[in-house]
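In the working numbering, the protein residues as written are 19 to 194.
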């Protein structure tokens, strides 16, 4: 029950911050997350609801990055481990303490894909002003990889175009 209340409080704070950003003229363009060793930016218009970690029901004969399906607020969602999908490397086992920070970020309903991405940690909202440099995607990069941004601390953030990701045959073909 405490986790549910904490999640509601977090979502309420996030909604308040989004509203404050709209009225203050500061634009928040992305939801910043960490998955594995990487930092990612999800466009706010493509990201959906954020859920606490819910262990999925395994599905046989699927790709290693597809963890299974879970019931999230009455809907059945496929759960994709973002770090494994993005890098192609299986993630090491996670401790219970680390898993407590994990979240499932659902894709926006408008994308018409019942899928949630497992991320290790929510970082917050970011706008263009939070970064000092940007770099266009490399030639041959997957269509879902957007620009790479560098923040003032020198950390690299990779933009993930969730709409393009949701339409990629590789992402939609979960069979092994």
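Just so it is clear, CB atoms sit at the ideal spot from N, CA and C, and this is done for glycine as well.
Any chain B beta carbon closer than 7 Å to residue i
i, result
"residue 139", "Chain labels in this structure do not include chain B; a single protein chain is all it has."
Euclidean distance between Cα positions of residue i and residue j
i, j, result
"residue 138", "residue 173", "17 Å"
"residue 89", "residue 98", "14 Å"
"residue 162", "residue 72", "26 Å"
"residue 141", "residue 51", "5 Å"
"residue 75", "residue 124", "17 Å"
"residue 81", "residue 128", "25 Å"
"residue 93", "residue 132", "8 Å"
"residue 114", "residue 70", "13 Å"
"residue 166", "residue 159", "12 Å"
"residue 77", "residue 91", "20 Å"
"residue 122", "residue 157", "30 Å"
"residue 155", "residue 107", "21 Å"
Buried versus exposed, by CB contacts within 10 Å (16 or more), residue i
i, result
"residue 144", "buried"
"residue 66", "buried"
"residue 126", "buried"
"residue 191", "exposed"
Check whether residue i and residue j have beta carbons under 7 Å apart
i, j, result
"residue 164", "residue 177", "yes"
"residue 109", "residue 120", "no"
Sequence ranges, alpha helix (DSSP H) only - wholly within the region 75-106, length at least 4: Taking only runs of at least 4 residues, the alpha helix (DSSP H) segments lying wholly in the region 75-106 are 100-105.
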